[in-house]
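Below is one structure, written out as structure tokens; the observations come after it.
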Amino acid sequence: MAISQDQFDRIMRDMPGFGRDPAAIRKRIEAMERLLEGLFVVPGTNRRVGLDSIIGLVPVVGDLVTAAMGGWIVWEARNLGMSKWQLARMAANVGIDTAIGAIPFAGDLFDFLYKSNTKNLRIIRRHLDRHHPSTATIEG
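To get the working numbering, take the position in the sequence shown, counting from 1, and add 391.
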């Protein structure tokens, strides 16, 4: 049984986190940032790491994959109507993370310390809190 485009749009709109509204976009971006930067805590430290640091250990391909995932966050920010200046800052964060992260060994340490996606999430939250205050969530 095929469904129409209107039915599909309604289903996607009603599913949590899949809408085009700022609150749904915020949830998606926060989930991606958690996946990339804060999946678990390194034992013996209080440092959180995620897929960005882990996948980044694979030379070249790992850095390109995490750059694409970070680029997706910038693309979602564009959908929020953020300014070109904010988008440029976010793209620069991803670019720096990718360029330096591609250097063997030193880049892996840099990935562990430099959290470009967390920086980008902070920029997005500032924008959302100013322009879409109803999307704010209570951190617990």
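Don't be surprised by glycine CBs; every beta carbon is placed ideally from N, CA and C.
Bridge partners for residue i per DSSP, in chain order?
i, result
"Val485", "Answer is none; Val485 lacks a bridge partner."
Please identify the residue among the options whose C-alpha is closest to the C-alpha of residue i.
i, options, result
"Leu445", "Lys506, Arg401 and Asp397", "Position check: residue 445 holds Ile in this sequence, whereas Leu was assumed. When only C-alpha atoms are compared, the closest one is Lys506."
"Leu519", "Ala482, Lys418 and Gly447", "Lys418"
"Thr489", "Glu467, Val449 and Ala415", "Val449"
"Gly447", "Arg517, Ser525 and Leu504", "Leu504"
"Gly486", "Gln396, Asn511 and Arg401", "Asn511"
"Glu550", "Ala527, Ile515 and Arg521", "No statement about residue 550 is possible, as the shown extent of the chain runs from 392 to 531 and does not include it."
Assuming the contact rule is C-beta atoms closer than 8 Å, residue i and residue j should be a hit. Round their C-beta distance to whole Å, please.
i, j, result
"Asn508", "Glu421", "That pair is no contact at about 10 Å."
If you measure from the beta carbon of residue i to each beta carbon in chain C, is any gap under 8 Å?
i, result
"Gln398", "Absent here is chain C; the protein component of the structure consists of one chain."
inquiry  = Assess contact between the segment 477 to 487 and the segment 428 to 445, defined as three or more Cβ pairs (one per stretch) separated by less than 8 Å. Is contact present?
reply    = no
message = Across the segment 444 to 464 and the segment 489 to 496, are there enough close Cβ pairs to call them in contact, namely three or more that are closer than 8 Å?
response = yes
request  = Please list the segments of the alpha helix (DSSP H) lying wholly inside the segment 395 to 479, counting only runs of 4 or more residues, in order along the chain.
outcome  = 396 to 405, 413 to 428, 442 to 446 and 452 to 470
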